[in-house]
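For reference, the structure is listed below as structure tokens.
Chains as they are written, first to last, in the working numbering: chain A, 6 to 364; chain B, 256 to 402; chain C, 1080 to 1193.
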């Protein structure tokens, strides 16, 4: 047995844009145990329900995380609308779907870039983020914001997206797909990239189920489950595949995310084609009373929004269970037994979003 | 010799929602490209001249931020990116947020916005470079005086 | 998607969870809510797309039993509940002893003594 030593990892670390801390117990170069410590971004925003009313909380929900901002706002609005029995218009649902999928595309491309950065492929990182800007342009065009849109409200949307603008997105999507082809080819076929990803952090389908994983992380181990199939927003009418891979290693996770970007483009195209006309918001009367839990598929996996209200202006409780939170137990499992040099890649494999996790 | 020809940048997320963080990263990528000012995003505080902090300060990041700041060599400038870093923003009323980062370390440039736009951030960084030069020349004068 | 909610007593938690586990469910989340008469603790489980929740009310005076020996990822949720609500949780597989979130206010969600 080699000498054991403890190496602190983080909170400030070159590959992590966000602070998370891990105590890595090493035996020579092998990690024997990893103990996560979080709380660096804990703001306590669930407690803001005491100070901000249920309409203002939409802004707070959107700021749980800057990457999955739209998803959080959507999940919150969806739960409140269920409690208040508000039936949103068809157009709202389709527009929400389009914005959600654009967010998913930008989030996955962002992740591909960060992964490339983690294994030291700087130009691939730059190239991915160059393509991502095109999606941000579309979002900015439609909503006015690059990362945080503030377009959602309880009962609908704050502003409409004109049909001809959406038509112009089809052209941009084609450009994006053309650029992505090159990037994805590099990620999936390049010898150097493959040598860093294949066989790293393998989890079987039984293990991921036992550890309660979700999202692309789950699907990369061969479990076919995607909360979009629950049929919220317009996903019921849209035809899309659930991407899975059976290897369960980091390469499989990259594959699933890369292919999901292309699926998202497909969903957006269908939604734009089928987009009905109509109002974009419904009147909101009174205050919410009751409880509801919404489950939606964020870019990183399934997120749950639990809202409890008692007929007052201020909610009683808002609780958000984010996908990264669910994937942390699996992260500690994959870290056990890995090489020290693979730690950054394994942390990125769950697509960590620490500000979601700690709220 | 002017230090401002190639100032290196260190980014730390004090307790931001990630929105500003990715905009800080985005400003180093091809569309905005702060590297044309000779700026490189580094992970090591001992190499850095500019500290870009996003997000308000909470209990746990307070010490980390202080430590990062003290590890940076003089002269150094601090840019508060985003409204949370300026004064707490939407999270100001949260129990765990003690306000902007100026409650912990001195700030030279404030860049508001939620999320901060890369254009605004670059503007702020360019301002910070000018301050860096000023600090540097003051330092040189002091050195000459004391011999 | 089907949804079910079982209201249970605090003492039967481990039995009920064991039953849920043997029915083949996975853990989705654990959430605590401060209510007038104490704390509600809601466990959500999933099987495929279906959802099953169990819930009980506790005064928060005696420790809640941990289910992390039945559902391994539960330690993270239980540590969170301990740190934010000040509810003691017993027999966790990984116990941070209040060190998961080092908040400036101790147990910010705890019920205010009237």
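Using N, Cα and C, we set each Cβ at its ideal position, and we do this for glycine too. Remember, it's a predicted structure, so these values are computed and weren't measured experimentally.
Note to self: Using only the alpha-carbon positions, how far apart do residue 21 of chain A and residue 281 of chain A sit?
What the structure shows: 42 Å
Item checked: Span separating the alpha-carbon of residue 175 of chain A from that of residue 295 of chain B -> 36 Å
Notebook entry, point to check: Tell me, which residues are paired with residue 288 of chain A by DSSP?
Noted result: Its beta-bridge partners do not exist; DSSP assigns none.
Check: How would you write the range of the beta strand (DSSP E) that residue 94 of chain A sits in, first residue to last?
Finding: Segment: none, residue 94 of chain A is in no beta strand (DSSP E) and carries neither H nor E.
Next item on the list: Please determine if the region 189-202 of chain A and the region 76-92 of chain A are in contact, where contact requires at least 3 C-beta pairs separated by less than 8 Å.
Entry: no
Check: Excluding sequence positions up to five away, which residues of its chain have a Cβ less than 6 Å from the Cβ of residue 1161 of chain C?
Finding: 1168
Item checked: Helix, strand or coil at residue 1208 of chain C according to DSSP, with G and I counted as helix -> Residue 1208 of chain C lies beyond the range of chain C shown here (1080 to 1193); nothing can be said about it.
Note to self: So if DSSP puts residue 1147 of chain C in a beta bridge, which residue, or which two residues, is it bridged to?
What the structure shows: DSSP, once it has assigned bridges, lists no residue as partnering residue 1147 of chain C.
Note to self: Bridge partners for residue 1105 of chain C per DSSP, in chain order?
What the structure shows: C:1125
Notebook entry, point to check: So, is the C-beta of residue 183 of chain A closer than 7 Å to a C-beta in chain B?
Noted result: no
Next item on the list: Inspect the CB distances between the region 280-300 of chain A and the region 257-272 of chain A and report whether three or more fall short of 8 Å.
Entry: no
Next item on the list: Identify which residue in A:180, A:363, A:343 and A:261 has its Cα closest to the Cα of residue 34 of chain A.
Entry: A:343
Item checked: Cβ-Cβ distance between residue 137 of chain A and residue 114 of chain A below 7 Å -> yes
Item checked: residue 13 of chain A versus residue 205 of chain A: straight-line alpha-carbon distance, rounded -> 21 Å
Next item on the list: Check whether the Cβ of residue 124 of chain A lies closer than 7 Å to any Cβ atom in chain B.
Entry: no
Check: How many Å lie between residue 266 of chain B and residue 378 of chain B at the Cα?
Finding: 16 Å
Notebook entry, point to check: By a C-beta neighbour count over all protein chains shown, 10 Å radius and 16 as the cutoff for buried, is residue 1090 of chain C buried or exposed?
Noted result: exposed
Next item on the list: Determine the DSSP secondary structure at residue 102 of chain A, reduced to helix, strand or coil.
Entry: helix
Checklist line | Residues from the region 32-45 of chain A in contact with chain D, defined by Cβ distance under 8 Å | finding: The structure shown has no chain D; the protein chains it does contain are A, B and C.
Checklist line | Below-7 Å beta-carbon distance, residue 1193 of chain C vs any chain A residue | finding: The pLDDT assigned to residue 1193 of chain C is 48, lower than 50, so where the model puts this residue is not dependable; a value taken from the coordinates is nonetheless given after this. It does not: the Cβ of residue 1193 of chain C has no partner Cβ on chain A nearer than 7 Å.
Note to self: Which residues in chain C have a C-beta closer than 9 Å to the C-beta of residue 322 of chain B? List them in chain order.
What the structure shows: The contacting residues do not exist; residue 322 of chain B stays about 16 Å from chain C at best.
Notebook entry, point to check: Apart from the five residues on each side of it in sequence, which residues of its chain come closer than 6 Å, Cβ to Cβ, to residue 277 of chain A?
Noted result: 171
Note to self: Taking its Cβ as the centre, do 16 or more other Cβ atoms sit within 10 Å of residue 1193 of chain C, making it buried, or is it exposed?
What the structure shows: Bear in mind that the predicted position of residue 1193 of chain C carries a pLDDT of just 48, short of 50, making it too unreliable to give a figure here.
Check: Counting only beta-carbon atoms, is residue 267 of chain B nearer than 7 Å to chain C?
Finding: no
Note to self: Out of B:311, B:286, B:374 and B:315, which one is the CA nearest neighbour of residue 16 of chain A?
What the structure shows: B:315
Notebook entry, point to check: Taking C-beta to C-beta, are residue 157 of chain A and residue 78 of chain A nearer than 7 Å?
Noted result: yes
Check: So residue 279 of chain A is in the alpha helix (DSSP H); what residue range does that whole segment cover?
Finding: 255-279
Next item on the list: Keeping to the same chain, check which residues put their C-beta closer than 6 Å to that of residue 278 of chain B; ignore five residues upstream and five downstream.
Entry: 370, 371 and 373
Checklist line | residue 266 of chain B, enclosing beta strand (DSSP E) - first and last residue | finding: 263-268
Next item on the list: Please classify residue 1193 of chain C: does DSSP put it in a helix, a strand, or coil?
Entry: With a pLDDT of 48 at residue 1193 of chain C, under the threshold of 50, the modelled position of this residue cannot be trusted, and the question is left open.
Next item on the list: Taking a Cβ distance cut-off of 9 Å, strictly less, list which residues of the region 1086-1109 of chain C are near chain A, in chain order.
Entry: 1105, 1106, 1107, 1108 and 1109
Notebook entry, point to check: If you drop the 5 nearest sequence neighbours on each side, which residues of the same chain put their C-beta closer than 7 Å to that of residue 95 of chain A?
Noted result: 281 and 283
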